[in-house]
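Step one of this worksheet: look at the structure below.
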Amino acid sequence: MLKNENSENAWERNISDYTVHQVSDKDIIDYLERGHSAKRIDFEYSDKVSALNKLFLTNGDKLLNAGMVLFCDNQYTELQMAIFAGTERLTFNDIQRQHGTVFELVLAAEKYIKNNIHWRVEFDGSLQRKEIPEIPTDAIREALINSFCHKDYGACQSNEVAIFKDRVEIYNPGSFPEGYKPEDFIFGGERPVRRNPLITSVLYYSKDVESFGTGLKRITDVCNEQKCKIEFKMLKSGFVVVFFRSGRSGEEGALTDTPTGTPTDTPTDAPTVEMRMGRILALCETPQSREDLMRELKLNDKNHFIQTYINELIKQGRLTRTIPDKPNSPLQKYVAL
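Going from the sequence shown to the working numbering is simple: count from 1 and add 146.
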């Protein structure tokens, strides 16, 4: 429900440079299966061209911009994620940038947040423990979906996830509708104002969007129920959903830094592999040697460092060697991509 539906949604209906043949068949089949399960799509898959046509995402063999951002890796859907050491944007422990489809980036951001917030462990008398996040995961996902539904894609800015010691922020480019406040949609019963109605409709058919115009209210209701404080910030450049963290720690019934399913035999404040990878990429904005990187990260095991960090980042396409044909050269350095 961001900005003026009539003046800005032309972007999503413009013809892109991408063709229907650049869309993965599997992605379309998976999408339609979700739509069938939600009983919001009633046609069967025959081929991706027909499916995309029925979703109104094509013009001839070209994708509209809406189809491009939903089903292709492109320059308009970029996600920046970071973990900051304190409560300000000063020192960061990890930073990552990803491209992908809207669906891929929502999943990546959701996983990133869930892996880096506190989880409370409760025992209810059964054999299995119950893990409860400090921020409701339903609210996190709703905020992430909203951030891509209501993004101003023409601004060519990244969506952002920022994790601080006291809060988690989810930002999308694109200012709030002029003359409205978030409370108008949460409590006032205002009708939805959609920046990207075609994108939102496609997400609705697969039930990634529950219903039109209810995102902020759903986030508020879930957070109030779980006693998680939230705030909505209207910036000149965009919109931010802020989830405040509890900050508690301790033993049973308290919150820990350990994500669900993670072993607890290491200190909870130890840097994770993802955090160290983020630090490596930040350092490698300028060429860095292995020795310099290990010294900066206070690591001693050369083989472990190369296998776990360097080779993995190169495999992911996020790091490259300055002398690629001689990986073991003593003059070798690494640069972030």
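Cβ coordinates follow ideal geometry from the N, Cα and C atoms, glycine included.
- Task: Would you kindly check if the distance between the Cβ of F358 and the Cβ of N366 is under 8 Å?
- Result: Note that residue 366 is Thr in the sequence shown, not Asn. Contact flag unset, no.
- Message: Let me check understanding here. Comparing Cα to Cα, which of Y480, A255, I241 lies closest to A285?
- Response: The shortest CA-to-CA distance from A285 to any of Y480, A255, I241 is the one to A255.
- Task: Whole angstroms is fine: what's the gap from P433's alpha carbon to R341's?
- Result: Answer to the nearest angstrom: the Cα atoms are 41 Å apart.
- What do you reckon, are the CB atoms on D176 and R425 nearer than 8 Å? One thing to note: D176 has its Cβ no nearer than 8 Å to the Cβ of R425.
- Enumerate in chain order the residues of its own chain whose CB-to-CB distance from D330 is below 8 Å, with the five nearest sequence positions on each side excluded. Excluding residues within five positions, the ones whose Cβ falls inside 8 Å are E336.
- Beta-bridge partners of M227, as assigned by DSSP: Q242, V307, per the DSSP bridge assignment.
- Item | In DSSP terms, what A482 is bridged to | Answer by DSSP bridge pairing, in chain order: L465.
- Item | Given 8 Å, three or more beta-carbon pairs between the stretch 316-334 and the stretch 160-173 | Inter-segment contact for the stretch 316-334 and the stretch 160-173 is absent: fewer than three beta-carbon pairs are separated by less than 8 Å.
- Is DSSP giving K257 helix, strand or coil here? If DSSP states are grouped into helix, strand and coil, K257 belongs with the helices.
- Item | Cβ separation of W265 and E250, assumed to be a contact under 8 Å, to the nearest whole Å | About 24 Å separates the two Cβ atoms, so there is no contact after all.
- Are there 16 or more other CB atoms within 10 angstroms of the CB of D163, so buried, or fewer, so exposed? By the neighbour-count rule (16 or more Cβ atoms within 10 Å), D163 is not buried but exposed.
- Message: Measuring straight from C-alpha to C-alpha, what distance separates A321 and L445?
- Response: One point to set straight first is that residue 321 is Ser, not Ala, in the sequence displayed. Approximately 44 Å, taken between the alpha carbons.
- Message: Count Cβ pairs between the stretch 379-389 and the stretch 201-217 that sit closer than 8 Å; are there 3 or more?
- Response: Touching, no.
- Message: Taking 7 Å as the limit between beta carbons, can you name the residues of its chain near N474, skipping five residues before and five after?
- Response: Correct list: empty, nothing qualifies.
- Message: Does the stretch 309-319 come into contact with the stretch 231-245, if we say contact requires no fewer than three beta-carbon pairs (one atom in each stretch) closer than 8 Å?
- Response: The answer is yes - the stretch 231-245 touches the stretch 309-319, with three or more Cβ pairs under 8 Å.
- For D354, count neighbouring Cβ atoms within 10 angstroms of its own Cβ and tell me buried if that reaches 16, exposed if not. The residue in question, D354, is buried, as its Cβ has 16 or more Cβ neighbours within 10 Å.
- Going by DSSP, what residues sit across from M484 in a beta bridge? Nothing about residue 484 can be read from this structure; the chain reaches only from 147 to 483.
- Message: Cutting at 8 Å between CB atoms, please list the residues of its own chain near Y90, excluding the five before and the five after it.
- Response: Outside the displayed range of the chain (147 to 483) lies residue 90, so it cannot be described from this structure.
- Run through DSSP, which three-state label would Y455 get? DSSP places Y455 in the helix class (H, G or I) of the three-state scheme.
- From what residue to what residue does the beta strand (DSSP E) around S352 run? If you look at S352, you'll find it isn't in any beta strand (DSSP E); DSSP assigns it neither H nor E.
- Task: Could you tell me the distance, in whole angstroms, from the CA atom of V388 to the CA atom of L477?
- Result: Using only the alpha carbons, I get a separation of about 45 Å.
- Item | Nearest residue (CA-CA) to I309, options S293, E371, M421 | The shortest Cα separation from I309 among S293, E371, M421 belongs to M421.
- Message: Tell me which residues share the same chain as L290 and place their Cβ nearer than 7 Å to its Cβ, disregarding the 5 neighbours each side in the sequence.
- Response: Cβ within range, chain order: V252, A255, E256, I316.
- Between T165 and K208, which are expected to be in contact by the criterion C-beta below 8 Å, what is the C-beta distance as a whole number of angstroms? Contact check for T165 and K208: beta-carbon distance about 6 Å, within the 8 Å limit, so the pair qualifies.
- Query: Out of curiosity, what's the CA-to-CA distance linking Q244 and L225?
  - Reply: The C-alpha of Q244 lies about 5 Å from the C-alpha of L225.
- Item | Classification of E324 by the beta-carbon crowding that lies within 10 angstroms, buried from 16 upward | Burial call: exposed.
- Task: Between the Cα of T418 and those of L459, V267, N262, spot the shortest distance and give me the residue it belongs to.
- Result: It is N262.
- Using DSSP with H/G/I as helix, E/B as strand and the rest coil, what is D163? Of the three classes helix, strand and coil, the one that applies to D163 here is strand, per DSSP.
- Which whole-angstrom value describes the C-beta separation of F294 and V248, a residue pair presumed to lie in contact below a C-beta threshold of 8 Å? Yes, F294 and V248 are in contact; Cβ-Cβ is about 5 Å, under 8 Å.
- Task: Using the Cα positions of L148 and G361, report the straight-line distance between them to the nearest angstrom.
- Result: Interpretation of L148 is limited by its pLDDT of 44, a score under 50 that renders its predicted location unreliable; the figure taken from the coordinates is listed afterwards. Within the model, the alpha-carbon separation for L148 versus G361 is close to 11 Å.
- Query: So what's K276 in DSSP terms, helix, strand or just coil?
  - Reply: The DSSP-derived three-state label of K276 is strand.
- Message: Between the alpha carbons of C430 and I229, how many angstroms are there, rounded?
- Response: Looking at the two C-alpha atoms, the distance is approximately 18 Å.
- Could you please give me the residues that DSSP links to Y317 through a beta bridge? In the DSSP assignment, Y317 is bridged to E306, V386.
- Task: Would you please state the rounded distance, in angstroms, between the beta carbons of P279 and C369? I believe it to be under 8 Å.
- Result: Actually they are not in contact, since the Cβ atoms of P279 and C369 sit about 12 Å apart, beyond 8 Å.
- Item | Counterpart residues of Q434 in DSSP-defined beta bridges | Y480.
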